[in-house]
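Q:
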Amino acid sequence: MKQKQSVTSLLACLPLWLVSQAGHAVEVPIDGPGKLEIGGAIRTKYQYQDFAQTDKSKLEFADSKLVINYRSPTWLAYADYRCYRTEELCDLSMLVDAWVGYQLDPQQQLSIGMMPVPFGPGQYWGSTYYEGTAYNLGLEDTHNPGIKYQYKTPNNELSLGFYPQDGGNYIGQSNDASRFSANLAQANDLANGTNIEEKNMLIGRVSHQFKQNAQLNYTVGASYWHSTLENQQNGQSGDRNAWNVFSSSNWKQWNTTLVAGQHRLDNQDMKLPNISTFGAFDYSYNLANDYDFYSAELSYSFAKPYGKFSNIKPYLNYSVMDKQAKGFATSQRLISGIGFNYGPMGIFAEYMIGKNDAMVGGNANSYAQGSADADWKKLLYISIGYYF
């Protein structure tokens, strides 16, 4: 149970709109036209879990991060390393990003290294800190090593990436789930699971922005994911295919994001043909192989700061995993929250309810057959971080 409580409190990533505004990275003097910055964050968390048998209320250190960012007219580089606490300081640490890019011309860029994959409307599908169920399904905020080509104009964008392997297993307490991204993993930490390895991922995204005027614009797009799977228990090969369509709009200070898609996975496992084991943040869990997924968010960006409070953004985010196997219960998560800065501090406060949700009061099979107790579970999560 300790492991489950740890992952519930850890599964969180920072939306780019907050990182770019909070604190001040240190600029390192270098020769040439480039700019090198070193920044990071130290974050703490408070959570109240109504579903917990003990320790319902907790306030503790969450994580620290170190970010190195280099930009020049031709070359780009970015690295992000995280240190988390589950039971002891930095007993879980991992590389999130480490890539180098070359600007071929003003519209084209080539990148190589560990980076976010181009699936869905962006790296993040919303404004939430905890993120929706798509993260736990390994579709949102997924980082893998590979090479990516990007073509971008003011209204159009095309991204195409090839990733020979997943993001990898790092320093932690689990056998194969010490990962930042939710990847297929060995089921050593589960009594009943699979051992599937994902390779040769081909992932692409295309989008077009319709800009009506200074106050209204919207974007539509689609993305596709195909990969090869190797069943490490019997040597058979399968595949993973997923696609989605998405739209995002901005009208004055109002913002919406909508995503709908389909996921199909053939794991070539005769014993468990309908589920596969994934892992992230030292926690292994089973997912249904075939499902449709949906995500929707409505948010409001305050135009002006209020004293030292800036980048104020309340939001409502809803995500669904509609499983196709007979008898598998639908997983849902609803998050209402707000994010803002207070000087160099970045703060998120989120209240979420989840049903058949492994990360909100569920168990390792909540994203597969479903939870034995399929009631709605409640979680209050507050992140307070100092960004530099």
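Read left to right, the sequence shown gives residues -25 to -1, 1 to 363 (mature numbering (1 follows the signal peptide of the UniProt record, and there is no 0)). Backbone N, C-alpha and C fix where the C-beta goes; we use that ideal spot for every residue, glycine too.
Could you compute how far the alpha carbon of Gln98 sits from the alpha carbon of Ser156?
A: C-alpha separation (whole angstroms): 12 Å.
Q: On the DSSP bridge list, what partners appear for Phe323?
A: Answer by DSSP bridge pairing, in chain order: Gly314, Ser358.
Q: State yes or no: is the C-beta of Leu64 nearer than 8 Å to some heavy atom of the ligand SAM?
A: By its list of ligands, the structure shown contains no ligand whatsoever, and the ligand SAM lies outside what it can speak to.
Q: Among Ile359, Lys353, Tyr361, Tyr362, whose alpha-carbon lies nearest the alpha-carbon of residue 385?
A: Residue 385 cannot be examined here, being either before or after the span of the chain that is shown, -25 to 363.
Q: Find out if the Cβ-Cβ distance for the pair Gln228, Ser276 is shorter than 9 Å.
A: Yes, the pair counts as a contact, with Cβ atoms nearer than the cut-off.
Q: Hey, out of Val295, Lys283, Glu272, Gly302, whose CA is closest to Pro289's CA?
A: Considering only alpha carbons, the answer is Glu272.
Q: If we ignore side chains and look at the alpha-carbon of each, how far apart do Tyr124 and Ile87 end up?
A: Rounded to the nearest angstrom, the two C-alpha atoms are 9 Å apart.
Q: Note the first and the last residue of the continuous alpha helix (DSSP H) segment covering Ala109.
A: It spans 108 to 111 - the alpha helix (DSSP H) in which Ala109 sits, taken as one unbroken run.
Q: Among Ala37, Glu205, Gly318, whose alpha-carbon lies nearest the alpha-carbon of Tyr281?
A: Of Ala37, Glu205, Gly318, the residue nearest in Cα terms is Gly318.
Q: I need the straight-line Cα distance from Ser311 to Glu106, nearest angstrom please.
A: One C-alpha to the other measures close to 11 Å.
Q: Rounded to whole angstroms, what is the Cα-Cα separation between Thr29 and Met89?
A: Answer to the nearest angstrom: the Cα atoms are 39 Å apart.
Q: Judging by CA-CA distance, which residue of Asp72, Tyr77, Lys20, Ala73 is the nearest neighbour of Gly9?
A: Residue Tyr77 is the option with its Cα nearest to Gly9.
Q: Should Gly196 be labelled buried (16 or more other beta-carbon atoms within 10 Å of its own) or exposed?
A: Gly196 comes out buried.
Q: How would you write the range of the beta strand (DSSP E) that Ile5 sits in, first residue to last?
A: Looking at the DSSP string, Ile5 is not in any beta strand (DSSP E), and its letter there is neither H nor E.
Q: By how many angstroms is the C-alpha of Phe303 removed from the C-alpha of Ala(-1)?
A: Taking the straight line from one Cα to the other gives about 47 Å.
Q: Please name the residue in Phe137, Ile122, Gly95, Thr49 whose C-alpha comes closest to that of Leu114.
A: Nearest option by C-alpha distance: Gly95.
Q: Could you check how far apart the C-beta atoms of Asn242 and Gly210 are, in whole angstroms? I think they sit under 8 Å.
A: No, Asn242 and Gly210 are not in contact; Cβ-Cβ is about 13 Å, not under 8 Å.
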